[in-house]
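Residues in the sequence shown are numbered from 52 upward in steps of one, following the working numbering.
In what follows, a structure is listed as structure tokens, so that the remarks can point back to it.
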Amino acid sequence: MTLEIEINSRAFVLHCSGAVYWVEKRMLLISDVHLGKISHFRKHGSALPGGAINKNFLKLDSAVEYFNPESICFLGDLFHSAINNEFQLFSDWVTRTQLPIVLVAGNHDIINPQKYHDLNIKVVSEWTVDGFLLTHHPEEREGLFTFSGHIHPAVLLAGKGRQFLKLPCFFRTEQQMIFPAFGEFTGTYVM
């Protein structure tokens, strides 16, 4: 499921996965995948299903297949913490995908940037493209529309019988849009 929108006379497609496709640039924008988080928690004793690790990669494959982008920009928190076995899975995915990738580093991106450079991934603290600021932390900057992540926005829906459903969402203001977390094992924050 997708929604076509226009921001500053540019066309974008919002995808139900949390990815955004920048039509003119043929660029896929994704935030907060948090690869390695499941392995990190399993290593520290949390009982989490190992099969959940593959869901992130299946979701990435699905978004790439759907949009057929020419490049990908991750808006931070690509990896959750220190390097673990999921980095090799990511390395294999990058090799298979064969697309230029930019990582706008987030607060969880603590892996040595050289590991990304070895995969031909460009790592930046922020990126300004055609009047848009691509960053991890939400911020407003004069003259730029900001795409960011970090918050993991969600909406809370309430039914008549004390039923509640919390769903990830895009959160947009006049100057910025905060992406939902793309990763399968992330929390949310009701906006």
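A virtual CB, placed ideally from N, CA and C, is assigned to each residue, including glycine.
Given the structure is predicted, the values throughout are model-derived calculations rather than measurements.
> If S113 sits next to M78, beta carbons under 8 Å apart, how far is it from one beta carbon to the other, in whole angstroms?
Replying inline: Actually they do not touch by this definition, with Cβ atoms about 17 Å apart.
>> Looking only at its chain, what residues have a beta carbon closer than 6 Å to the beta carbon of H85, apart from the 5 residues adjacent to it on each side?
In response: Same-chain partners within the cutoff: D128, H131, G234 and T237.
> Along the chain, where does the beta strand (DSSP E) that runs through Q227 open and close?
Replying inline: From DSSP, the beta strand (DSSP E) with Q227 extends over Q227 to I229.
>> Quick check on P164: does DSSP put it in helix, strand or coil?
In response: Collapsing the DSSP output to three states places P164 in a helix.
> Whose C-alpha, out of V206, G210 and F183, is nearest the C-alpha of S199?
Replying inline: Taking only the C-alpha atoms, the option nearest S199 is F183.
> To which residues of the same chain is L150 closer than 6 Å at the C-beta, ignoring the five residues directly before and after it?
Replying inline: Result list for L150: S122 and I123, in chain order.
> Exposed or buried, V74, counting other C-beta atoms within 10 Å across all chains shown (16 or more means buried)?
Replying inline: By the neighbour-count rule (16 or more Cβ atoms within 10 Å), V74 is not buried but exposed.
>> So the candidates are V115, P164, P120 and D181; which of them puts its Cα closest to the Cα of S60?
In response: Taking only the C-alpha atoms, the option nearest S60 is D181.
> Candidates V206, L170, D160 and T197: which alpha carbon is nearest I58's?
Replying inline: The residue among V206, L170, D160 and T197 with its C-alpha nearest the C-alpha of I58 is T197.
> Three-state secondary structure (DSSP) at L129?
Replying inline: Reduced to three states, the DSSP call for L129 is coil.
>> Please classify Q165 as buried or exposed, where buried requires at least 16 other C-beta atoms within 10 Å of its C-beta.
In response: Result: exposed.
>> I'd like to check one pair, H187 with V145: are the Cβ atoms closer than 7 Å?
In response: Contact: no.
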